[in-house]
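So the sequences go chain by chain: A and B.
Read in order, the letters of the first sequence are residues 112 to 454 in my numbering.
Read in order, the letters of the second sequence are residues 112 to 454 in my numbering.
Ideal Cβ placement from N, Cα and C applies to all residues, glycine included.
Just so we're clear, the structure is a prediction, and the values are computed from it rather than from any experiment.
2 protein chains.
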Amino acid sequence: MATIKDVAREAGVSVATVSRVINDSGPVSGETRRRIRDVATRMRFTPNVAARSLITARTTTLGVLLPDLYGEFFSEVIRGIDQAARRNGYHLLVSSSHADRAETEAALRAMRGRVDGLIIMSPDLDARALVHNLPERLPLVLLNSAINDVAFDALTIQNFRGASAMVRHLIGLGHRRIAMIRGAARNHDASERLRGYRAALKRAGIERQSELERTGDFTEESGYQAAAELALLRHRPTAVFAANDSMAIGAMSALRDAGVSIPDEMAVAGFDDIPIARYMSPPLSSVRVPIGELGERATEMVLDKVRAKTPQVRRRETLATVLVIRSSCGGSATADDARRRAQ
Amino acid sequence: MATIKDVAREAGVSVATVSRVINDSGPVSGETRRRIRDVATRMRFTPNVAARSLITARTTTLGVLLPDLYGEFFSEVIRGIDQAARRNGYHLLVSSSHADRAETEAALRAMRGRVDGLIIMSPDLDARALVHNLPERLPLVLLNSAINDVAFDALTIQNFRGASAMVRHLIGLGHRRIAMIRGAARNHDASERLRGYRAALKRAGIERQSELERTGDFTEESGYQAAAELALLRHRPTAVFAANDSMAIGAMSALRDAGVSIPDEMAVAGFDDIPIARYMSPPLSSVRVPIGELGERATEMVLDKVRAKTPQVRRRETLATVLVIRSSCGGSATADDARRRAQ
DNA sequence: GGTCCGGGTGGAAACGATTACATCCGATCC
DNA sequence: GGATCGGATGTAATCGTTTCCACCCGGACC
């Protein structure tokens, strides 16, 4: 492998000049610049990343810390992050699927020195764990995190609003017994969606019933399980709202198996609007989340901080969600709904 | 940030000794070792990764190059890779969603010096592009690649076998007009699955018809489109085999919209057996691919090469696929099928 | 009792870049 | 015509490790 010295020797200049050409820093005469470029190309010179980041203390790499991932949602987020990062010339160090908290913290420590900034999407992690395992000044953005500490930048989606809008829509269709399949325990998105569900009921003067709030963990299987139980209730709900689409799909499957027709006997709605939702039978109503955009925005936020000379003000942003009404929750599509669907 | 020098000074030893303790290389007396450990912990010393990899020329990082990703398949692969990598103390530098070949090659070059080994899953990339953009000796494993050059290690799945088994199953159920929705052009998995389809037809003495081989690109949308067209054919097929589950799901949606009942009027089958397949209505028959295992195995293969002192022999492995028969392709489940389903 | 051995330790040379600082030199200004 | 300026270039320090080599020293061996 050719080093900067080899190039310098071959081009008859000093390493300083070569460095200036490579990084386009400092003045170099046109003639020299051209010659060095040629030599560098010919010798296939690639600057040694380690040496460079040893002296500059920068890596042009961003770290991404994810929870144990669930399907489509995950790949969409990563994709958004990846695109934004590449656009800015940054690389991505990804660490996912951490079983427990100790593992997450270990992964966090391992990022030290390898990244210039970090995007963290990990529900079970608190602020203390963060500051204890990371260098002080590492730019950080929390994605859909439960941490409400203003000390951190954070990006979230309208979980509460989206959930309550969906439940209000169901109420508007005449449903009074509306069940909810909750998301993973201790997950921020999950609890916000639950909160939205409860708020919508309350606002409509419908009393909350614990037998209608079933547990789930965002997997199809757990959705299936929960709906199977709901189908057996003496006093069956007429609608069920799942905290994500995967569970909604599992629920639809359970209802079919139990001979409950959708949406006539039970309306079903999900959250996320993953691509497959519209291809379900019947097509699944959901709350659209700009998943890819979430990743892109997070990347831009963290890059802003990476590049900022001075410590910036903390930022908190929330991305809007949109109701997407399809036939799984029945009711004739109103003009308003149709418009939404067209989006 | 504390450096090794700080620790050495504080512990009253030389940096060499500290290094020996940190890396557990060379002899250090028990007493000294303990003292250095204490000091290092107290000062929160973390070895500087850049300095370390500058001198050792290793990064304990693996690169992963992926095509523009499609949903669940992708996240499962990454997860497998991630788990195997972590288990071995390696990090993951991920680069995905490359629109064209130039972008892929750029990503490839950018990996130089940042990784000790590389897992590549990119259909449109040939052997020349690889050797031209990478250092000579970088351990490399190709995943489901079209490159048949024996110069590279490769890992594939039984695309041909899985596809032909599924089509034979359909034929066994009495179907003679079986359509296929093809995968993305120039994609290796896609063409192998097509080959399997054709081979099964041929073996059964069924003549191939071009109007039954529809194009697709692995997305739900393309599956929908293809099936919508099939439904309109004068002489409609009685079964359709999609090159992946996403398209099969899109196809099922189109058939429903066209009023074609599944499986009575048309049987449907997919490939991959993504988690959602079994929750479809009706549950989707598919060919199970050990996706996570694919990632894990690839990681182990590349790590073997990374750690090997001497250049190893080239390896090529193929992972088995399994037929998973559900009700979307009708027919009473035979004992054999039932056994398979239980898996 | 000298030689040899090997565990424990330190000194210092790498690794390959960036960059502050010094130097040179021709043009410009007064 | 000398002082000044700024563009072009080189020298060398620096980043934080690993590791080769040398050294010391106590015990075993002959």
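With distances taken Cα to Cα, identify the nearest neighbour of residue i among the options.
i                      : options                       : result
residue 292 of chain A : A/265, A/332, A/318 and A/407 : A/332
residue 160 of chain A : A/115, A/175, A/192 and A/441 : A/115
residue 151 of chain A : A/121, A/187, A/352 and A/212 : A/121
residue 196 of chain A : B/123, B/396, B/204 and B/187 : B/204
residue 187 of chain A : A/403, A/421, A/411 and A/441 : A/403
residue 354 of chain B : B/222, B/345 and B/184        : B/184
residue 312 of chain A : A/280, A/213, A/338 and A/343 : A/280
residue 441 of chain A : A/421, A/411, A/420 and A/376 : A/376
Can you pull the chain B neighbours of residue i, defined as C-beta to C-beta under 7 Å?
i                      : result
residue 194 of chain A : 208
residue 162 of chain A : 165
Is residue i near residue j, with beta carbons less than 8 Å apart?
i                      : j                      : result
residue 226 of chain A : residue 167 of chain A : no
residue 232 of chain A : residue 380 of chain A : no
residue 295 of chain A : residue 329 of chain A : yes
residue 250 of chain A : residue 435 of chain A : no
residue 369 of chain A : residue 350 of chain A : no
residue 146 of chain A : residue 137 of chain A : no
residue 439 of chain A : residue 374 of chain A : yes
residue 194 of chain B : residue 407 of chain B : yes
residue 322 of chain B : residue 271 of chain B : no
residue 418 of chain B : residue 264 of chain B : no
residue 327 of chain A : residue 390 of chain B : no
residue 290 of chain B : residue 325 of chain B : yes
residue 364 of chain B : residue 372 of chain A : no
residue 223 of chain A : residue 245 of chain A : yes
residue 288 of chain A : residue 348 of chain A : yes
Residues of chain B with CB closer than 8 Å to the CB of residue i, please, in chain order.
i                      : result
residue 382 of chain A : Those within 8 Å of residue 382 of chain A in chain B number zero; the least Cβ separation is about 16 Å.
residue 392 of chain A : 363, 364, 367, 391 and 392
residue 221 of chain A : 202
Here's the rule: buried if 16 or more other CB atoms are within 10 angstroms of the residue's CB, otherwise exposed. What is residue i?
i                      : result
residue 336 of chain A : buried
residue 283 of chain A : exposed
residue 259 of chain A : exposed
residue 316 of chain B : exposed
residue 220 of chain B : exposed
residue 190 of chain B : buried
residue 384 of chain A : buried
residue 164 of chain B : buried
residue 366 of chain A : buried
residue 243 of chain B : exposed
residue 286 of chain A : buried
residue 261 of chain B : exposed
What residues in its chain sit with their C-beta under 7 Å from that of residue i, if we drop five residues either side in the sequence?
i                      : result
residue 268 of chain B : 255, 400, 405, 429, 430 and 432
residue 357 of chain B : 181, 182, 329, 330, 331 and 334
residue 117 of chain B : 154
residue 125 of chain B : 119
residue 113 of chain B : 154, 155 and 156
residue 300 of chain A : 255, 270 and 294
residue 143 of chain A : 124 and 128
residue 218 of chain A : 176, 206 and 209
With a threshold of 6 Å on Cβ separation, who are the neighbours of residue i within its own chain once the five nearest residues in sequence on each side are excluded?
i                      : result
residue 415 of chain A : none
residue 177 of chain B : 207 and 232
residue 199 of chain A : 414
residue 409 of chain A : 230, 252, 254 and 266
residue 274 of chain A : 304, 307 and 308
residue 201 of chain B : 171 and 173
residue 388 of chain B : 356, 395 and 397
residue 215 of chain B : 209, 233 and 236
residue 228 of chain B : 173, 250, 413 and 417
residue 421 of chain B : none
What does residue i reach in chain B if we use C-beta pairs closer than 9 Å?
i                      : result
residue 299 of chain A : The premise fails here: residue 299 of chain A is roughly 20 Å from chain B at the closest Cβ pair, so nothing lies under 9 Å.
Anything in chain A within Cβ reach of residue i, meaning under 8 Å, just list it in chain order.
i                      : result
residue 159 of chain B : 165 and 224
residue 246 of chain B : 112
residue 335 of chain B : 390
In chain A, which residues lie with their C-beta within 9 Å of the C-beta of residue i?
i                      : result
residue 182 of chain B : 182, 183, 186, 187, 385, 386 and 387
residue 204 of chain B : 172, 202, 203, 204 and 205
residue 360 of chain B : 387, 390 and 391
residue 331 of chain B : 386, 387, 389 and 390
Apart from the five residues just before and just after residue i, which ones in its own chain have a Cβ nearer than 8 Å to its Cβ?
i                      : result
residue 158 of chain A : 115 and 133
residue 423 of chain A : 415 and 416
Within 7 Å: the Cβ of residue i and any heavy atom of the ligand ADP?
i                      : result
residue 121 of chain A : Summarising the ligand content, the structure contains no ligands, and the ligand ADP is consequently not present.
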